[in-house]
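Numbering (the numbering used here), first residue to last: 672 to 1236.
Glycine residues also receive a C-beta, built at the ideal position from the N, C-alpha and C atoms.
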């Protein structure tokens, strides 16, 4: 080979490698600046509030029984929520794995809908269903001619647990069903022949086989319920407060930043430990719901048909009843009316809040579009980095980019307030901070949507394209992108939906002129008057419609089993 040509090829290779490394540094820098740095700032604030060692916040946390009780209740309610979710979801996963019935595919898709709904919206839906003035209480009062509402679940632990089960049911269901579908039914058949049946079959065969999937889904559910904010803020009242709610109140209402930082640091430590455990367990969980069709059969006996029907009734009630109640309440004001929706879009020159519902909708959509573009771009680069950097590094890099999933949005918003208030990162009053926070929340879902598809591209395909004369850019454009396009679309829709419904971080950092839909819904619920409550319901239905349309697009775009939780 001509030495000059060889030198030219070496220079080009070095140049392409430099570009690749430079691109890889972009998501690393983004996560370091807007995630790691705020968390480090929280730690510094917790022990060095005035640039000198000060453990008063830690002492207050240890001395005051109130804060210990908050930490205990947060853990307690998360354990209970996880337990009930697993107990209800695993039998449902069994029915969907083992039996074939009409409407199965549709319901399997719809069961994921609650997961993509904003927490504040879910809280409003259950308030419309089970609240003191909810549909169920109104019905019971009219039927039995009662003076007071017979169901009093507001400001109670019961409603918190019910909403958490509704919200996280799909996590356990999808992970366990996907894992179970890949297990050979011959193991159970052999155990049955040997006389193992009934409860023994569950204890000694099924549950041991499902242990990795159950543990992984349980830990992920625990993470989401431990960091639950909107549900507890709305339904907990003064009696029930989690660490998330106390962090928000200490920092936002009382300006006690030192104590809020200590609580956030405790929260971060617990969540990082749980996420590390989850990522290790998740490697053993393979999800491919397409294989359900190969092991499922139609129910034959009466007990089997009864089991299937009861499961379907339970799931339909769990998924659709609160959402239907939300729609019905928004349309009812003594009679069916669209007055609440008309107030959203009508000009409101004397509107008492900072923005009108229409303005908040446009703001949320704008932020969601920006978040989608940034999250997909950074997520795509991150996926290529994880795949191309080698196993020894990628096994640590993958969990690193999942850390925002284990960090509560409230803690993230609090970290922004502490860290990003001085040049050159004086973004505390900038609207840019909201899309940044939303991108951090959305990126893990983008990565989990794209990464399995990218890993599944055979190396021989790229080698063939190179042999045929395709440059690296041509290979990317003509080979990789078409093969991972589904994952990109799914990740983009996830990012858009997560941004539309993000509540915890936005509540910390939003300015009056950048109020998003979930924040406005929460503020309307806190104001007196039927008109405010009606607008909150109508705005919730509008937000639910946007999320539902996005969800339908996700399910129509992706193959079942593509992507990971």
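- A distance below 7 Å separates the beta carbons of residue 1113 and residue 1046.
- Annotated three-state conformation of residue 1198 is coil, per DSSP.
- Of the other Cβ atoms in all chains shown, fewer than 16 fall within 10 Å of the Cβ of residue 1033; this residue is therefore exposed.
- In this structure, the alpha-carbon of residue 923 lies about 7 Å from that of residue 1179.
- For residue 713, the uninterrupted alpha helix (DSSP H) segment begins and ends at 708–718.
- When DSSP states are grouped into helix, strand and coil, residue 968 belongs to the strand group.
- Comparing alpha carbon positions, the residue from 807, 818 and 844 closest to residue 786 is 844.
- In this structure, residue 1171 places its C-beta atom within 7 Å of the C-beta atom of residue 1035.
- Beta-bridge partners of residue 1007 (DSSP): 1003.
- By the neighbour-count criterion, in which a residue is buried when 16 or more other Cβ atoms sit within 10 angstroms of its Cβ, residue 1027 is buried.
- Per DSSP, residue 907 is not a residue of any alpha helix (DSSP H), being assigned neither H nor E.
- Close CB contacts of residue 933 within its chain, under the 6 Å cut and outside five residues either way in sequence, are with 717, 728, 729 and 732 (chain order).
- The beta carbons of residue 892 and residue 818 sit about 39 Å from each other, so the pair does not count as a contact at 8 Å.
- Residue 880 and residue 1132 have their C-alpha atoms spaced approximately 36 Å apart.
- Residue 799 is not a Cβ neighbour of residue 995, given a cutoff of 7 Å.
- Within 10 angstroms of the beta-carbon of residue 1008 lie fewer than 16 other beta-carbons, which makes it exposed.
- Looking at 790, 973, 1086 and 797, the one whose alpha-carbon comes closest to that of residue 918 is 1086.
- For residue 925, the three-state secondary structure derived from DSSP is coil.
- Apart from the 5 residues on each side of it in sequence, residue 781 sits with its Cβ closer than 7 Å to the Cβ of 990 in its chain, given in chain order.
- Boundaries of the alpha helix (DSSP H) around residue 809: 806–815.
- With contacts defined as CB atoms closer than 7 Å, residue 1221 and residue 1167 qualify as a contacting pair.
- Residue 1039 sits away from residue 946, with the two beta carbons spaced by 7 Å or more.
- In the DSSP assignment, residue 1054 falls within the unbroken alpha helix (DSSP H) covering 1028–1059.
- In this structure, residue 1176 keeps its C-beta atom at 7 Å or more from the C-beta atom of residue 1098.
- By the Cβ criterion, the segment 1103–1121 is not in contact with the segment 1191–1203, since fewer than three pairs of Cβ atoms, one from each stretch, lie closer than 8 Å.
- Counting the other CB atoms within 10 Å of its CB gives residue 863 a total below 16, which places it among the exposed residues.
- Nearest in C-alpha terms to residue 848, of all of 906, 813 and 770, is 770.
- Spatial neighbours of residue 1173 in its own chain (CB-CB distance under 8 Å, excluding positions within 5 residues in sequence) are listed in chain order as 789, 1080, 1108, 1109, 1112, 1187 and 1189.
- Contiguous alpha helix (DSSP H) elements confined to the segment 1138–1170 occur at 1143–1146, taking only those with 4 or more residues.
- Residue pairing by DSSP places residue 770 opposite 968 in a beta bridge.
- Rounded to whole angstroms, the gap between the alpha carbons of residue 735 and residue 1071 is 34 Å.
- Within the same chain, Cβ atoms closer than 7 Å to the Cβ of residue 935 are found at 713, 918, 1082 and 1085, the five residues on either side in sequence being excluded.
- For residue 1104, the closest alpha carbon among the candidates 829, 1185 and 773 is that of 1185.
- Residue 898 carries a coil assignment under DSSP once its states are collapsed to helix, strand and coil.
- Secondary structure of residue 1102 (DSSP, three-state): coil.
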